Structures are given as structure tokens and as C-alpha cells.
Amino acid sequence: MTIERLKEIVHKVLPDVDVVIGYRQGFDALHATPFFITKPEEVDELIWGPLCVHNLAAYLPSLTKNKKIAVIVKGCDSRTVNQYLQENLINRENTVIIGIPCSGVISVKKVLKGLGDQPIEAVSGDGDKITVTTSQGDKALSLSEVSPDKCRTCQYPTPLIYDHLAGDPISPDKPAESVYDDVREFEKLSLGERWHYWETELSRCIRCYACRNACPMCICQDKCIAESRDPHWMTQRLNGTEKLMYHMIHALHLAGRCVECEECTRVCPVEIPVAKIKKKINMEMAELFGYKAGVGVEDTPPMFTFKVDEEKIEEHEL
Amino acid sequence: MAKLGYLPKEKLTALLEALSKEQRLFVPCQAGDAVLFQQYDATKTPCLDRPATTPPKGIIFPQDDTLFTFTYHKDAEDLKKVSVELKENLDVAPTIIFGARPCDAKGFLIYDRPYTETDTPDPYYKKRRDMTAIMTLACPAPSPGCFCTSVGGDPADKDGSDVLITQLESGYLFESITEKGETILQNSLFEEGSSYQEQAQRTHEAVAELVRKPFQVTEELTQKVLSLFENDSFWEEEANKCISCGACTYLCPTCYCFNITDEQAGSSGERIRTWDACMFYHFTLEASGHNPRALKHQRLKNRVGHKFSYYPQKYDGAIACCGCGRCVRYCPVSVDISEIVAHAQEYTNDHGE
Amino acid sequence: MPVVAGKELRIVGFLCNWCSYGGADTAGVSRFKQPTDLRIIRVPCSGRVDPLFVVKSLLNGADGVLVAGCHPNDCHYSEGNFYARRRLEMLKQFLPYMGIDAKRFHYTWVSASEGARWQQVVSDFTKQVHGLGPLHRKEEASD
Chain U
3 MTIERLKEIV HKVLPDVDVV IGYRQGFDAL HATPFFITKP EEVDELIWGP LCVHNLAAYL
63 PSLTKNKKIA VIVKGCDSRT VNQYLQENLI NRENTVIIGI PCSGVISVKK VLKGLGDQPI
123 EAVSGDGDKI TVTTSQGDKA LSLSEVSPDK CRTCQYPTPL IYDHLAGDPI SPDKPAESVY
183 DDVREFEKLS LGERWHYWET ELSRCIRCYA CRNACPMCIC QDKCIAESRD PHWMTQRLNG
243 TEKLMYHMIH ALHLAGRCVE CEECTRVCPV EIPVAKIKKK INMEMAELFG YKAGVGVEDT
303 PPMFTFKVDE EKIEEHEL
Chain A
5 MAKLGYLPKE KLTALLEALS KEQRLFVPCQ AGDAVLFQQY DATKTPCLDR PATTPPKGII
65 FPQDDTLFTF TYHKDAEDLK KVSVELKENL DVAPTIIFGA RPCDAKGFLI YDRPYTETDT
125 PDPYYKKRRD MTAIMTLACP APSPGCFCTS VGGDPADKDG SDVLITQLES GYLFESITEK
185 GETILQNSLF EEGSSYQEQA QRTHEAVAEL VRKPFQVTEE LTQKVLSLFE NDSFWEEEAN
245 KCISCGACTY LCPTCYCFNI TDEQAGSSGE RIRTWDACMF YHFTLEASGH NPRALKHQRL
305 KNRVGHKFSY YPQKYDGAIA CCGCGRCVRY CPVSVDISEI VAHAQEYTND HGE
Chain G
5 MPVVAGKELR IVGFLCNWCS YGGADTAGVS RFKQPTDLRI IRVPCSGRVD PLFVVKSLLN
65 GADGVLVAGC HPNDCHYSEG NFYARRRLEM LKQFLPYMGI DAKRFHYTWV SASEGARWQQ
125 VVSDFTKQVH GLGPLHRKEE ASD
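Protein chains in written order, with my numbering: chain U, 3 to 320; chain A, 5 to 357; chain G, 5 to 147.
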């Protein structure tokens, strides 16, 4: 069992670190929540499974400066660690990475949508199915039906970087060439349709900055130009222009850095597909520079470097 | 005596249309996968079976509100002489909020104390508040994370509403609570409703049973939370997973803090009031560069402390939380304010105050 | 400066101090005729141009944005324009995804001696933006 192996590793690691970050049960049976373990007796509360949706690596930059941290990462989350190392944002010596091969998580929103937002009393998993219990009875859902978009094209079920691995490596079984199919599909729309799509989606934005604060690569945080008055990039208005501007800032600052954990989409309370904006730039980075963020520790983010002769960039004629 | 009216389900659209003709009518509507309060018209899809993602507070206290516009005029004779022209923006139309939940309505009562029940009422808030009637839908079921019964509420609470609506098998029972509500119930679409009252009562009681009760408000709670004010390690532990975004605050029916900024281009501009959130670093950032709440646990302490300690101390023990559960349900990392309050009670019981 | 209604559109130009601004100056000194839609902002280097400058312009009233810098290998700071090329190409491909026509944004290289080339770039780009008309913007999102 992965969870037994995981607890064993955490017990082994705990004496040498200040905190181990894992998952435990949240306020109901459907929600897991990040769990900061400092005492051996807390290890029993650890959970692992399709409910463990958060990208825990995002806590590292603020903590590894003066503390030693062990963190549990899924395959997708491990790209965050690699990217941090590429950009020199964490101290590797203060970081212990506990990898877990993952066969996919759920989207809490998709599960709740199928159930009309009722409180969940119990959740049990069995292979590729989960059974959810509410006061109205049981409902069985297939994992593929309620999986987040990132799992549907997952290329890295096994962490790319780890010090300990809890479980046997899993090989990717999704075709690599279809990762950006949704972007290509969206690009078939006319310019006007695309503008209208984003106008409608972003109109719901409440500028709560959950997408920014959950983003592992948004490292400016308290200094974000979306809030600062000096420089005065943006007003506090809530109109379409400012909402689009904010999301452009987020997307462009992540060019060649987005590790596709899709935390931004997951956390958005008003269900804006925030990650879909970044996915286009990620596709460009792959096509122009053959780069995927967070895949190799030694890679250089494409916006941090250049080539004198760019093979894929041509002069634009008027 | 409260007025009772019954409306068969199939007449709901007709009622919404009738109400929307006479005033601005806001109804929870499907917007993408979210449910938002939107001004009703025939193109909208009302959604009453789950609470709106965002509370209706923005209808009375808009997230961005132009307080006034200003223009500088230079004197043609003496260019050093500049005059300022101000134009106040206080246009408000009569409004109905339809389908708020009892917790949403209660949120406005918490707003009222600092905004209207003072020596210097806020004219913008007060005018909108006076012009708005709230028609509340008693919760047909609890939602994930909600806990109204722990903070003195109830899924069929009448406090703060003008009309209470109860969803029955084949229709809705409307009960007026205020004069504003009685006027609304004079509409000819309503049938006599007194025979449905018992059925409604049974529904209310059944739902109340289902609401989770993570803690109980006691008289000492306010003191207990306050006694932890200097206890950084308690708050650090509660806040370690918090990512310090504003989702909890902006989705909260009772969070009422704001920011005021002047947005100027050339010689004219406007003074706007926008929601602000104590979870943001910038909220307390001072002009000197000093920030009294530079760390996230200090900010989370403020949010919990304000709701369960500072506000009740100021306003006769009233808790500034209506238990709607949105902050719990939509928190990116499932920080549960009710759990923090329960922990605070446990901690002070174990360690003394 | 207000635009001449019906005749002009708003085009913002970010020009590097060392080459393109000089190129524009050369064109002016040589009295080459140019359209008047362009408002020039001088920057130290095309590498100074944050793609957000372009976005901010387009979302706040500009109908087109032109960025010009030294030719590759001629950057006053050796490599500023190489960085600019990557960033601006990324932006050029990204804008249409958000529903903004990529033809409203152009980046190119003009040296200080290329007055005639500058004239050509400005004329052609202005013509291109006029072909598209004013950029549709909705100032207030609906609730």
C-alpha cells in the first residue's frame, strides 16, 4: 500500500526536517487539505489518494530559506520543484522531496457539480471509480468523468525529481501529441468569438487573486503589480479592461515558466478556466524553443536566454 | 400578522417578470459553472437549487463604486488658480434581491451596525439599503462547509429578510416579514398560503437537523479568541497552509472593508470605493513602508479575530459571521474558519486563558 | 494629443534610443512624408519593452502598437534585442488567442541610418491598422 510506504518514509524523514508537508482530511469527506506535520504522532493522520489535489511544492520558496522542509509531490507537482531549481528559488539542501507516483486525482468542482453541491458524508475509492455518499444516498462516478483536465493528458505520473519514492513508478499512457489539442481546438474559433469567450469568462472575475496566490510560479506575491499603486499599472476598478489586464499580467509573467499544475483553474471560486490562458503560451514555448517548464533541472527557461540565430522565429513582413 | 402567499412552481417565471418590471430584480443565475446574482431579464437562467457562489452584498455595497467624479479647471486669466468641480454619484433605483439565503440576508444586518447604526451613516450604503427589499429562500438543504446553526442562525432564519420563501413540493410559500415584504405579496399571482404553513415548518426543522455544528458560540468565546492575540505560535499553526488570497473575504457576506482610490487621467477623474481584504499584504501597508501585518498568520488572526472577538466586543456580542460556509467551501486549501474557532476554544480550555 | 477624428487612429510606438529613434529622426530630418497616427515613446533598448507595455496600450485606447529596435547583432547593449525578439514573438503569437488581431502589433528592426526604411515601416503599419479599423473595446464588463 502506498499510504503505508508513505508513512514509513515520513517517519524516517521527520527527525531531520522542521516540517513535512502532506495531506489530511479536510472539513468534509470530499476535501483534503494541506497538512504540516511536525510531530511523529501526527503521521497517522496522513492521507493519500485521488482527493489529494493541491500542489504542495508551492509552499517551498517561502519556507526553504531558513527551514528544512520535506514535501510530498505528485508527478505533476514535481515539475514545480524542477522549475524552482532552474530559477534558483529554493534551497535544494533544505528540501527533501517525497515523490508519489499518481494515477490521477479528482476535480472537486466536477464531483460537486454532479451532485448539486450537497455536503459529502463519505467518499470511497475503488480502482477507476469513486463512490460518494450524501444525505440522498450513494452515487458512483468514474474517475475519468470527474478528473481535472491536466490528468487527462498527464505525461508525468511519476515524479521527475525525488529523494524518496512511495510506490512503484507508473508509465505515462496518454499520447504526448494531444496535450495541446484543446488549445488547437479553441484556435479554430474566429477572433471575435475568442474575444467574446474571454470577455464572458473573465467577467466573473472578482480579483480575489486566488489564482495568483495558488500559483507556484507567481513569486512576486506581495509585490504584484496588479495591486501596487506605485508603479500604477492598474486601477482597482472591476471592469472588463482591468480584469483582462490582470489575467494578461499573470499569463505573460508565466511565459516559459508555467509548470501546468493548473492550480489557478482549480482554485478559482467563480470557475474561470484560468489555466487555459497559459496553456497557449506553453504550447508556443514547446513549438518555438522546444521547452517544457520544470521537466529538466538543468534547463534554462526560454525567456531567460536567447540564441543569436533563432531557428523558429522569422521576421514579420508588413 | 404576517401575510402568506402560495405560488405554484410554474408561475415562478411570471412572478420574476412581474417583479422585474417595477424595479431592478437580482436573482441567482447560472453564469458559466458559477451561480451569480444578476439583474433579471428573460435571457437569464435563474438557479435556486444551490446558494450563489458570491453573496448578494455587491448589490448594496458594490465591489467598485464611484463615489464622485472630479474635474480640475484652470482659470484662463490666472493659470495658477485652479478650481475643482465635484459631482456626487448617488443614483439608486428601487431593487429586489430574490433568492438570497438566510445567511446572506443576515450578512446585511452585520453591515448595518458600522454603516447605518452610527452617528455618521454611510450615505451610499444607506440609500441602497433603504431602497432594497430582500426575498430570502429558506435553505432546502445545507451546502458543503456551511454552519449557520453554530453562529446563532438557522436555515430558515427570518432576521434581515423582508420575505421568507420556502420551497415545497409543487410550489413556494411566501411569508412577509416586514412592510416592504407585505407590499410585494400583494401581487395577484399569489394564492392563499396559510394551509401550507405547517408543511413549510416541517421542512425548516428537517433541514436544520442536517447542518453541521463544528462549535457552539458561548459567552466566553469572544474573550477566548482575544486571549490568543499575543500567541503567535497558535496562529502560525492555524495559518501555515493559508495562501493569503482574498477568496474568503470577497465571498463573505459580512466582510465589509474597503479601499478608496482616486483614478485620474488628465484633469479629470473619479474617486472610487472598492472592496479590500485583510488577507492582502497591501491592506495594512503604511506609507512609510512599515506593515503591521506583514505575515500571513497576523492577517488570518485579524480575520478570525474581527469576526469572533473585536466586532462582538463593539456591538453587544454580535458575531460577525453568518455561517454561510463560502470561505470554507471555496478556500483553495480548505482553511476552515469554524475549525479555527473550535481550536481556539479547545486551546484556551487546555492551557487556560 | 487627441487624434484627428475620422482620419487618424491611435498607434503607440516604442523605439529604442540608439537605432530606431535615430532612424525616425533621420526620416524627419530628411523630410520623408509619414502618417501622423503614431505616438512615439523612446525607450533605452527594445529589451526594455515589457510585453505588458503593448497589452496595456491595446487595452487602454491604442489601436496598434509598433516596437522597433536595433538590428540583431547591432544592439547598443549587445544582447537586449535578442531577449526582446523572444518576448515579442511570444506576445505576437499569444494576442490572437485572446481575441486581439496580431496585425495590430508589429515589431521590427530599424537602424539610425535607415530613414527611408523607417518611413516604409510607419506607412505600411499605419495602413495595416487602418485596414482593421479602431480596436473594439468594451469598457465595462456586464455584471
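Ideal Cβ positions, reconstructed from N, Cα and C, are used throughout, including at glycine. Model, not experiment: these values are computed from the prediction.
Three-state secondary structure assigned by DSSP to residue i
{"i": "Pro118 of chain A", "result": "helix"}
{"i": "Pro63 of chain U", "result": "helix"}
{"i": "Asn84 of chain U", "result": "helix"}
{"i": "Thr202 of chain U", "result": "helix"}
{"i": "Thr133 of chain U", "result": "strand"}
{"i": "Gln97 of chain G", "result": "helix"}
{"i": "His310 of chain A", "result": "helix"}
{"i": "Asp82 of chain A", "result": "coil"}
{"i": "Ser180 of chain A", "result": "strand"}
{"i": "Lys7 of chain A", "result": "coil"}
{"i": "His286 of chain A", "result": "helix"}
{"i": "Ile344 of chain A", "result": "helix"}
{"i": "Phe102 of chain A", "result": "strand"}
{"i": "Leu20 of chain A", "result": "helix"}
{"i": "Tyr128 of chain A", "result": "helix"}
{"i": "Lys61 of chain A", "result": "helix"}
{"i": "Met139 of chain A", "result": "strand"}
{"i": "Tyr76 of chain A", "result": "strand"}
{"i": "Pro50 of chain A", "result": "strand"}
Proximal chain G residues relative to residue i, where beta-carbon distance stays under 8 Å
{"i": "Val331 of chain U", "result": "Outside the shown range of chain U, which is 3 to 320, sits residue 331 of chain U, and nothing can be said about it."}
{"i": "Arg196 of chain U", "result": "Pro100, Tyr101, Met102 and Gly103"}
{"i": "His318 of chain U", "result": "Lys96, His110, Tyr111 and Thr112"}
Buried versus exposed, by CB contacts within 10 Å (16 or more), residue i
{"i": "Lys294 of chain U", "result": "buried"}
{"i": "Ile148 of chain G", "result": "As shown, chain G starts at 5 and ends at 147. That puts residue 148 of chain G outside it, with no answer to give."}
{"i": "Gly116 of chain U", "result": "exposed"}
{"i": "Ser3 of chain A", "result": "This structure gives no information on residue 3 of chain A, because the portion of chain A shown stretches from 5 to 357."}
{"i": "Asp294 of chain A", "result": "The question names Asp, but residue 294 of chain A is His in the sequence shown. It is exposed - the Cβ of His294 of chain A has fewer than 16 other Cβ atoms within 10 Å."}
{"i": "Glu272 of chain A", "result": "Per the sequence shown, residue 272 of chain A should be read as Ser rather than Glu. Answer is exposed; the Cβ neighbour count stays below 16."}
{"i": "Ile74 of chain U", "result": "buried"}
{"i": "Lys86 of chain G", "result": "One detail in the question is off: residue 86 of chain G reads as Phe in this sequence, not Lys. Result: buried."}
{"i": "Glu265 of chain U", "result": "buried"}
{"i": "Gln238 of chain U", "result": "buried"}
{"i": "Ile264 of chain A", "result": "exposed"}
Within chain U, partners of residue i - CB distance below 9 Å
{"i": "Leu56 of chain G", "result": "Ile227, Trp235, Met247, Met250, Ile251, Leu254 and His255"}
Interface partners of residue i on chain U, CB under 7 Å
{"i": "Val133 of chain G", "result": "In chain order: nothing, as chain U lies at least about 10 Å away."}
{"i": "Tyr362 of chain A", "result": "The structure shown does not extend to residue 362 of chain A, since chain A is modelled only from 5 through 357, so no value can be given for it."}
{"i": "Ile276 of chain A", "result": "Gln238 and Arg239"}
{"i": "Val332 of chain A", "result": "Phe29"}
{"i": "Ser248 of chain A", "result": "Asn215"}
Under 8 Å by beta carbon: chain U residues contacting residue i
{"i": "Glu118 of chain G", "result": "Those within 8 Å of Glu118 of chain G in chain U number zero; the least Cβ separation is about 14 Å."}
{"i": "Leu63 of chain G", "result": "Thr243, Leu246, Met247 and Met250"}
{"i": "Glu267 of chain A", "result": "Thr237, Gln238 and Arg239"}
{"i": "Gly270 of chain A", "result": "Here the premise fails: no neighbours, minimum Cβ distance about 15 Å."}
{"i": "Phe18 of chain G", "result": "Within 8 Å Cβ-Cβ: nothing; Phe18 of chain G doesn't reach chain U, min ~16 Å."}
Interface partners of residue i on chain A, CB under 7 Å
{"i": "Thr35 of chain U", "result": "Lys245, Val337 and Ser338"}
{"i": "Lys115 of chain U", "result": "Asp37"}
Under 7 Å from the C-beta of residue i: neighbouring residues of chain G
{"i": "Ile315 of chain U", "result": "Arg89 and Glu93"}
{"i": "Pro304 of chain U", "result": "Arg90"}
heavy atom of the ligand ZN below 8 Å from residue i C-beta
{"i": "Arg209 of chain U", "result": "Summarising the ligand content, the structure contains no ligands, and the ligand ZN is consequently not present."}
Interface residues of chain G facing residue i [CB-CB closer than 9 Å]
{"i": "Glu189 of chain U", "result": "Pro100 and Tyr101"}
Query raised in the report: With a cut-off of 8 Å, do at least 3 Cβ pairs link the segment 116-123 of chain G to the segment 17-31 of chain G?
Result: The segment 116-123 of chain G, when compared against the segment 17-31 of chain G, does touch it at the 8 Å Cβ threshold.
Query raised in the report: Counting Cβ pairs closer than 8 Å, one from the segment 112-122 of chain A and one from the segment 167-185 of chain A, do we hit at least three?
Result: They do not touch, by the three-pair rule.
Report task. Please list the segments of the alpha helix (DSSP H) lying wholly inside the segment 14-62 of chain G, counting only runs of 4 or more residues, in order along the chain. Result -> DSSP runs (the alpha helix (DSSP H)) wholly in the segment 14-62 of chain G: 24-33.
**Report entry** Contact between the segment 95-104 of chain U and the segment 165-182 of chain U (3+ Cβ pairs under 8 Å)
**Finding:** In this structure the segment 95-104 of chain U touches the segment 165-182 of chain U; the number of beta carbon pairs closer than 8 Å is three or more.
Report task. May I have a chain-ordered list of the beta strand (DSSP E) segments no shorter than 3 residues that lie completely inside the segment 254-312 of chain U? Result -> Whole beta strand (DSSP E) segments, 3+ residues: zero.
Query raised in the report: Touch check for the segment 281-294 of chain A and the segment 75-89 of chain A: three-plus C-beta pairs under 8 Å?
Result: Result no; under three Cβ-Cβ pairs closer than 8 Å.
**Report entry** Whole alpha helix (DSSP H) elements within the segment 163-239 of chain U, 4-residue minimum
**Finding:** If we require 4 residues or more, the alpha helix (DSSP H) runs fully inside the segment 163-239 of chain U come out as 183-188, 193-204 and 212-216.
Query raised in the report: Between the segment 180-194 of chain U and the segment 86-93 of chain G, do three or more beta carbon pairs fall short of 8 Å?
Result: Counting C-beta pairs with one atom in each stretch, the segment 180-194 of chain U and the segment 86-93 of chain G have fewer than three that are closer than 8 Å, which means they do not touch.
**Report entry** Stretch pair the segment 35-53 of chain U + the segment 245-254 of chain U: three plus CB contacts closer than 8 Å
**Finding:** Counting C-beta pairs closer than 8 Å gives fewer than three between the segment 35-53 of chain U and the segment 245-254 of chain U, which falls short of the contact rule.
Report task. Could you say if the segment 280-292 of chain U and the segment 347-357 of chain A meet the contact criterion of at least three C-beta pairs nearer than 8 Å? Result -> Short answer: they don't touch.
Query raised in the report: Of the residues that make up the segment 34-55 of chain U, which ones have a beta carbon closer than 7 Å to any beta carbon in chain B?
Result: Given the protein chain composition of this structure (U, A and G), no chain B is represented.
Query raised in the report: Does the count of Cβ pairs from the segment 250-257 of chain A and the segment 67-86 of chain U closer than 8 Å reach three?
Result: Contact fails: fewer than three Cβ-Cβ distances are below 8 Å.
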